[in-house]
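If you read the sequence shown in the working numbering, its first letter stands for residue 1, the second for the next number, and so on. Before any comments, here is the structure.
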Amino acid sequence: MVLDKSHTSLHILPLITPLFLYRLPPAHPLPLSLLSRLSTTPSPEFYSITRNAAEISVVLSNPSDDLPLEGEGISGPEGPWRALKVQGPFEFSVVGIIAELSGTLARGEVSVFVISTWDTDFVLVKEAALKGALDVLEGDGWVVKRD
């Protein structure tokens, strides 16, 4: 299946807010002050918290005093990064979106950090590589909304 990169749901929207990444050991408790921010409605900030057997990855829209910056197994803040949001929403049956995006960026020698949600995908690129990433995507036929 070939993706129609011009379809509205596949337009690329660069988010303005710089993002920062953290890595914590898997058993590390998440600070309540961080978790309380998640319940603030509406929250203008970008958050992603993923826990697996080896680590906890946290992505925040600002460096956080709520997270420890030193200690065994702790890394961060790493950044700034910028998110490229795929407009979405799209059905789970649509295949190859991340493969196409990351392949295009890899050919342009842009490294990525990917976050997927129910409705869409976010491809994070280092802020210093943002312009080059957008140029590479446009050169490959993706529609980038540079508002």
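Ideal placement from N, C-alpha and C gives every residue a C-beta, glycine not left out. All values reported here derive from a predicted model rather than from experimental measurement.
With DSSP collapsed to three states, give me the class of residue i.
i: T104; result: helix
i: L15; result: coil
i: R146; result: coil
i: I74; result: coil
i: A99; result: helix
i: S57; result: strand
Could you give the residue range of the alpha helix (DSSP H) that holds residue i?
i: A133; result: L130 to G139
i: S36; result: L32 to L38
Quick test of your reading: residue i and residue j, contact by CB under 8 Å. State the CB separation rounded to the nearest angstrom.
i: S102; j: V112; result: 5 Å
i: I16; j: W142; result: About 19 Å separates the two Cβ atoms, so there is no contact after all.
i: D114; j: I98; result: Correcting the residue type first, residue 114 is Val in the shown sequence and not Asp. Right, the Cβ-Cβ distance comes to about 6 Å (below 8 Å), so this counts as a contact.
i: E45; j: N62; result: 7 Å
Measure from the alpha carbon of residue i to the alpha carbon of each residue in the options, then state which is nearest.
i: V123; options: T8, I74 and P18; result: P18
i: A129; options: S33, L84, S61 and S93; result: L84
i: A106; options: V125, P31 and S93; result: V125
i: E55; options: E100, I74 and R37; result: I74
i: R37; options: L60, P29 and P80; result: L60
i: P80; options: L35, A53, V58 and F20; result: F20
i: H162; options: L3, R82, S57 and T8; result: One cannot answer for residue 162 here, as it falls past the ends of the chain, which runs 1 to 147.
i: E127; options: G76, R82 and L10; result: R82
Please report the residue range of the beta strand (DSSP E) in which residue i lies.
i: S116; result: F113 to S116
i: K5; result: Looking at the DSSP string, K5 is not in any beta strand (DSSP E), and its letter there is neither H nor E.
i: D121; result: D121 to K126
i: S48; result: Y47 to R51
Three or more C-beta pairs under 8 Å: does that hold for the segment 42-56 against the segment 132-145? no
Per the contact definition of three or more C-beta pairs closer than 8 Å, is the segment 83-95 in contact with the segment 24-38? no
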